[in-house]
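Just so you know, the sequences run in chain order A and B.
Going by our numbering, the letters in the first sequence line up with residues 8 to 368, in that order.
Going by our numbering, the letters in the second sequence line up with residues 873 to 1060, in that order.
In this text, a Cβ means the ideal position worked out from N, Cα and C, and glycines have one as well.
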Amino acid sequence: MTLRKFVPLFVIVCVLLVLGAILFIPALAGAQTVPGGIVPCQGPECQLCYVTKLVDNVLKFLVAAVAVIGALMFSVAGIIWMANTGNEKRVTLAKQIFSAVFIGLILVLGAWLLIDSLLKVLTNNTADLGKPWGGIECVARADRPGSTIPEGVSVKIFCTTTTDSTGGSAKTCFGTAAECEKFRSQGFGNAGACSVTQSAIAVKNTQVPTTIATGNCSYDNMANTFGAQHASKMSCYCMRESAGDFQIESKVDKLASGDAFSVGAFQINLTQHLIYCPNQPPVDCRTAFKLDNPGQVYVPIMKRSYPGTAGWGYTIVDRNKYNTCVALAKNTACNLNTAKRLVQNPKIVYQPWRQKGTCGD
Amino acid sequence: MKWTLIIFGSVAIITGIFYMLILGVQQPSVNQVRDDAGGVLDPFGGAADYFKETKEFPGYIDVALSGGQTITAPDFRTPENQISSTTQVIGVNNTVITYPPDYLIAGGKEEAYSVIYVGLDRSFTVVLQQEPLAEVRKEAENALLKALGISPDLACALPYLVAVPYEVNAFLYNKNLGFSFCEGATTL
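So, in structure tokens, the structure goes:
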């Protein structure tokens, strides 16, 4: 085969191979529209920014093809030069191909850099300006009809990228730039510069929930502890008594000494009840007290009187036992187990907490 | 020698250009990652792997926001702040529910409010312990924002509860009053 026939054939075969490779490599072929393909979006999430993204992707594809073809032409020129050492005319041709391809590549890559930078300025993607391979980032919007992105409020967070010993990287985000910078100063994983990220947080989740879905008194938690049939009622009682602070001591149920007699999640009245901790014998807290005044006792904080027999008329006679009982009532397992025994007793179900007009009672 | 240089030069250029282009084209084009069902896993962008990890940096805690997103905050889980121990509650059908410790972030028994980190579901509970509730809530909000180093907008996405016991206010118990700056908050 003569060189005149070989060179065009070689070029055609190589171009076909390269184009075939480009078309069948998923990352280059645009097999997936989001992310990584030439077509950057689909459906209602497409917006104006994606037009520039599409132009950017097409440019990248063409530049890739040009670069590969240019490299092949380098090879062709090299072969011509190699195969025609004594032929000055052919050597000159090879040199001309080298210089033409080199100048062509410089022009194409330079033009790409310019156009890409212009697109980035237009789409406010200036963070990677001067790096054409950095890509244009379009922030998907939730407020388009049919969008699958949660409708949200735009919140600024400040993120830094860290790397671990295996080379893996992770993004760590903070609520303020100061916190992000403080984290960086700790030197974890060579944290990079803090950059602002706009995060869309679902509006429906930022609205105040109407149900008690979180915390110690949540419906789910009460269902797991007391059973689904008692969950709603117990969640309400729990919220009414402690509002989810399982260490709380009553500011109203107080003895004349200032010591609280209702304590913990369900405000177990220590003057009236035993405390049942799981797998332990019950502790009779009633023996820590003595009833001094069975009549009405004035409670200053409420500016009214209450029955002394309900607790206000008692005094502490065993301080150590009182302290033990307070600690047990603040123990989640003991408090909830005691409440459970009260709930499970068919004669006194809900009785300690029942009060007309509250929690459906 | 000349041919060796030409061939090696060509190979180097091809490899370099391909490497550069392939790296560039594989950049995620949209600031989100989707799960198989098409839902958004990671609206922060590029951090999907991070959100799958549970590793926390020493002195920091990951706080989950609504929608499965996470931010990092200074760790308030110090021994001094711990207000309860790990306990096991016997639930229905004798299932064991483990309660991790709760932590008092701000306020306390003698204060007008308590801001508590609930270990069980990694949420925040603000208990208003005295009137005037509007002022007390404001103080508690500021304390929480300062502790976590976050803006009010982010705070609205926290898993949280602002509540008042019956003995403090007989009309507002059993309700999430919300942070004053969040949509749907109860006006006090």
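**Request:** Name the residue from A:101, A:78 and A:129 whose alpha carbon lies nearest to the alpha carbon of residue 113 (chain A).
**Result:** Answer by Cα proximity: A:78.
**Request:** Decide yes or no for the touch test of the region 247 to 254 of chain A against the region 1016 to 1023 of chain B: beta carbon pairs closer than 8 Å, at least 3 of them.
**Result:** Contact between the region 247 to 254 of chain A and the region 1016 to 1023 of chain B is absent, with fewer than three C-beta pairs closer than 8 Å.
**Request:** Check distances from the C-beta atoms of the region 1024 to 1058 of chain B to those of chain A and list, in chain order, the residues that come in under 7 Å.
**Result:** So the list reads 1025, 1026, 1028, 1029, 1031, 1032, 1033, 1035, 1036, 1037, 1038, 1039, 1045, 1046, 1048, 1050, 1054, 1055, 1056 and 1057, given in the order they occur along the chain.
**Asked** Nearest to residue 341 (chain A) by CA position, among B:958, B:943 and B:933, is which residue?
**Response** By alpha-carbon distance to residue 341 (chain A), the top candidate from B:958, B:943 and B:933 is B:958.
**Item:** Classification of residue 81 (chain A) by the beta-carbon crowding that lies within 10 angstroms, buried from 16 upward
**Value:** By the neighbour-count criterion, in which a residue is buried when 16 or more other Cβ atoms sit within 10 angstroms of its Cβ, residue 81 (chain A) is buried.
**Prompt:** Can you tell me the Cα-Cα spacing of residue 37 (chain A) and residue 177 (chain A), whole angstroms?
**Reply:** In this prediction, residue 37 (chain A) has a pLDDT of 43, which is less than 50 and means its spatial position is unreliable; nothing more can be read from the coordinates.
**Request:** Could I get the ranges of all uninterrupted beta strand (DSSP E) runs contained in the region 277 to 316 of chain A, with 3 residues as the minimum, in chain order?
**Result:** If we require 3 residues or more, the beta strand (DSSP E) runs fully inside the region 277 to 316 of chain A come out as 296 to 298, 303 to 306 and 311 to 314.
**Item:** Residue interval of the beta strand (DSSP E) (run including residue 946 (chain B))
**Value:** That run of the beta strand (DSSP E) goes 942 to 946.
**Request:** Using three-state DSSP, classify residue 996 (chain B) as helix, strand or coil.
**Result:** In the three-state reduction of the DSSP assignment, residue 996 (chain B) falls in the strand class, which pools E and B.
**Prompt:** Which partner residues does residue 1132 (chain B) have in the DSSP bridge list?
**Reply:** Lying outside 873 to 1060, the shown extent of chain B, residue 1132 (chain B) is not represented and no answer is given.
**Start-to-end residues for the alpha helix (DSSP H) that takes in residue 245 (chain A)** = Bounds of the alpha helix (DSSP H) holding residue 245 (chain A) are 235 to 248.
**Range covered by the beta strand (DSSP E) that runs through residue 57 (chain A)** = Looking at the DSSP string, residue 57 (chain A) is not in any beta strand (DSSP E); the run it does join, the alpha helix (DSSP H), is 55 to 90.
**Asked** With 16 as the cutoff for other CB atoms within 10 Å, does residue 308 (chain A) come out buried or exposed?
**Response** Residue 308 (chain A) comes out exposed.
**Asked** Under 8 Å Cβ-Cβ, which residues of chain A neighbour residue 960 (chain B)?
**Response** Those within 8 Å of residue 960 (chain B) in chain A are 285 and 340.
**Request:** Taking only the alpha-carbon atoms, compute the straight-line gap between residue 1063 (chain B) and residue 345 (chain A) and give it to the nearest angstrom.
**Result:** Because residue 1063 (chain B) is not part of the residues shown, which for chain B are 873 to 1060, the question remains open.
**Asked** Do residue 270 (chain A) and residue 333 (chain A) have their C-beta atoms closer together than 9 Å?
**Response** A contact, by the Cβ cut-off of 9 Å.
**Item:** Limits of the unbroken alpha helix (DSSP H) element including residue 219 (chain A)
**Value:** Counting along the chain, residue 219 (chain A) falls outside any alpha helix (DSSP H), and DSSP gives it neither H nor E.
**Prompt:** I think residue 1051 (chain B) touches residue 1028 (chain B), with their Cβ atoms under 8 Å apart; what is that distance to the nearest whole Å?
**Reply:** Contact flag correct, Cβ pair sits at about 6 Å.
**Prompt:** In whole angstroms, what is the alpha-carbon distance linking residue 284 (chain A) and residue 1040 (chain B)?
**Reply:** Each residue's alpha carbon lies about 28 Å from the other.
**Request:** Can you tell me which of the three DSSP states residue 178 (chain A) falls into?
**Result:** Residue 178 (chain A): strand per DSSP, three-state reduction.
**Message:** Between residue 292 (chain A) and chain B, is the shortest Cβ-Cβ distance under 9 Å, so that the two count as touching?
**Reply:** Residue-level contact check: residue 292 (chain A) does not touch chain B, since none of the beta carbons of chain B fall below 9 Å from its beta carbon.
**Beta-carbon neighbours of residue 258 (chain A), restricted to chain B and to distances below 9 Å** = Within 9 Å Cβ-Cβ: 1001, 1002, 1037, 1039 and 1040.
**Asked** How is residue 258 (chain A) classed by DSSP in three states: helix, strand or coil?
**Response** In the structure shown, residue 258 (chain A) sits in coil (DSSP, three-state: anything other than H, G, I, E or B).
**Request:** Use the C-beta contact count for residue 1014 (chain B): other C-beta atoms within 10 angstroms, 16 or more gives buried, fewer gives exposed.
**Result:** Residue 1014 (chain B) comes out exposed.
**Request:** Quick one: residues in its chain with C-beta nearer than 7 Å to the C-beta of residue 221 (chain A), no 5 flanking neighbours on either side, listed in chain order?
**Result:** If we look at residue 221 (chain A) and ignore the five residues flanking it on each side, it has no Cβ neighbours.
**Spatial distance of residue 973 (chain B) from residue 960 (chain B) (CA atoms)** = Their backbone Cα atoms lie some 11 Å apart in a straight line.
**Request:** Would you identify the three-state DSSP class for residue 166 (chain A), choosing helix, strand or coil?
**Result:** If DSSP states are grouped into helix, strand and coil, residue 166 (chain A) belongs with the strands.
**Item:** Check whether residue 206 (chain A) and residue 226 (chain A) have beta carbons under 9 Å apart
**Value:** Against a cut-off of 9 Å, the Cβ pair of residue 226 (chain A) and residue 206 (chain A) comes out as no contact.
**Asked** Hey, is residue 241 (chain A)'s beta-carbon within less than 9 Å of any beta-carbon in chain B?
**Response** Residue 241 (chain A) does not count as touching chain B.
**Prompt:** Can you tell me whether DSSP reads residue 1057 (chain B) as helix, strand or coil?
**Reply:** Shown here, residue 1057 (chain B) sits in coil according to DSSP, grouped into three states, outside any helix or strand.
**Prompt:** What does residue 318 (chain A) touch in chain B if you count any residue whose Cβ is under 7 Å from its own?
**Reply:** Listed by position along chain B, the residues whose Cβ is nearer than 7 Å to that of residue 318 (chain A) form an empty set, because the closest Cβ is around 13 Å away.
**Asked** Using a beta-carbon distance below 9 Å, is residue 978 (chain B) in contact with chain A?
**Response** Output row for residue 978 (chain B): interface = no.
**Message:** Between A:185, A:190, A:182 and A:198, which has its C-alpha nearest residue 169 (chain A)'s C-alpha?
**Reply:** For the options A:185, A:190, A:182 and A:198, the alpha carbon positioned closest to that of residue 169 (chain A) is the one of A:198.
**Request:** Let me know the secondary structure DSSP gives residue 128 (chain A) once reduced to three states.
**Result:** It is helical.
**Prompt:** For the alpha helix (DSSP H) that residue 351 (chain A) lies in, which residues bound it at each end?
**Reply:** Judged by DSSP secondary structure, residue 351 (chain A) falls within the alpha helix (DSSP H) whose first and last residues are 339 to 351.
**Prompt:** Taking 9 Å as the CB-CB limit, is residue 218 (chain A) close to chain B?
**Reply:** It does: the Cβ of residue 218 (chain A) has a partner Cβ on chain B nearer than 9 Å.
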